[in-house]
Amino acid sequence: MLGACRYHRAEVLGALMSVLIIWVVTGVLIYEAILRIITPGHTKGKAMFFFALGGIAVNFLNFAILGHAPKLKNAVGGHSHHADINLKGAILHVFGDTIQAIGVAIAAALIWAHQNQEKWQIADPICTLTFAVIVFCTTIRMVRDIADIVMERVPRGYSIAKTAHDLAMLAGVDAVHDLHVWTLKPGVVMLTTHVVTTTHKPHLVLHDIEDYCKQHGIHHPTIQIEGQHHSHLSDEHVALIPSHHSTV
30 MLGACRYHRA EVLGALMSVL IIWVVTGVLI YEAILRIITP GHTKGKAMFF FALGGIAVNF
90 LNFAILGHAP KLKNAVGGHS HHADINLKGA ILHVFGDTIQ AIGVAIAAAL IWAHQNQEKW
150 QIADPICTLT FAVIVFCTTI RMVRDIADIV MERVPRGYSI AKTAHDLAML AGVDAVHDLH
210 VWTLKPGVVM LTTHVVTTTH KPHLVLHDIE DYCKQHGIHH PTIQIEGQHH SHLSDEHVAL
270 IPSHHSTV
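If you read the sequence shown in the working numbering, its first letter stands for residue 30, the second for the next number, and so on.
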């Protein structure tokens, strides 16, 4: 497990590279579109239309291949029950290409249909800019998820205060401190904490904490059990943890 953990973030880096490539390509297209608005040129609508259709067909083929990726991953011993952010990045990349190709096809069809009217040449850069904005918008959530993982933010849907409160309310737990919750990769939530207990059966406390973590989608908890004499809680930590009652 330890060796495998070293490479979990490789999926995140792969997804980040996909998004960066999308941004670079889209940025270049925006730059070219602005140049065409400033200095209009003549576009061959018919040729551009069929090139765009070819791009759309290739991207649909890519979608079909990527759609089978989770099954292939299972066949070689992968885990399909967690979202693969690298696969999401690849799909997003193909989706961005498809959106751009659709924009080109629409612009080309308009220019082709009005090939004798120069004013319709503006359809190409306008469609490029419109669909470029759409592509940028589709990447925002992916970038947010990547940033959350890289910065080791508390996963969305979790609360440090609530988790500390819930753990402190378990039987035999006197206090909880140094609690950290973060995401190693999508679907792999990590937790580390120190738990103070005066019970003579700390293994039962540990079992209850592990059950709580499993129920809340935390499958990689690391818990250090401490006796009361090991506890050195600051006022900040105590504020997170309600005063408690019972022992096992």
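Glycine residues also receive a C-beta, built at the ideal position from the N, C-alpha and C atoms.
Since the model is a prediction, treat every value here as computed from it, not as a measurement.
Could you name the residues that DSSP lists as bridge partners for residue i?
i	result
Ile252	Thr222
Trp52	Trp52 pairs with nothing; no bridge assigned.
Trp141	For Trp141, which the question treats as bridged, DSSP gives no partner whatsoever.
Who are the near neighbours of residue i in its chain, counting only those whose CB is closer than 6 Å to its CB and skipping five residues on each side?
i	result
Asp237	Leu199
Lys75	Trp141
Gly84	Ala130
Trp52	none
Ile66	Pro154
Thr212	Ile178, Pro184 and Val218
Glu255	His223 and Val225
Ala62	Pro154, Thr157 and Leu158
Under the three-state reduction of DSSP, which class applies to residue i: helix, strand or coil?
i	result
Ala93	helix
Ala204	strand
Leu213	strand
Leu199	coil
Arg182	coil
Lys73	coil
Thr228	coil
Gly246	coil
Thr192	helix
Tyr241	helix
Tyr187	coil
Please work out which residues of its chain come closer than 7 Å, Cβ to Cβ, to residue i, disregarding the five sequence neighbours upstream and downstream, and give them in chain order.
i	result
Glu40	Asp113, Ile114, Asn115 and Lys214
Ala134	Phe78, Ala81, Leu82 and Ile85
Val172	Val48
For my contact list, residue i and residue j are in at a C-beta cut-off of 8 Å; report their separation, rounded to the angstrom.
i	j	result
Ala152	Leu139	4 Å
His71	Gln146	Wrong, their Cβ atoms sit about 12 Å apart, outside the cutoff.
Pro250	Cys242	4 Å
Val123	Phe92	6 Å
Leu95	Ile120	5 Å
Leu45	Ile175	5 Å
Val164	Gly125	4 Å
Gly20	Gly132	No information on residue 20 is available, as it lies outside the stretch 30 to 277 that the chain covers here.
If I measure Cβ to Cβ from residue i and keep anything under 8 Å in the same chain, skipping five residues before and after, which residues do I get?
i	result
Ile59	Thr157, Leu158 and Ala161
Leu196	Val202, Val205, Leu208, Thr222, Val224, Ile238 and Tyr241
Gly56	none
Val234	Leu199, Ala200, Gly201, Val202, Val224, Thr226, Thr228, Ile254 and Val277
Start-end ranges of the alpha helix (DSSP H) lying completely within the region 114-169, minimum 4 residues:
114-142
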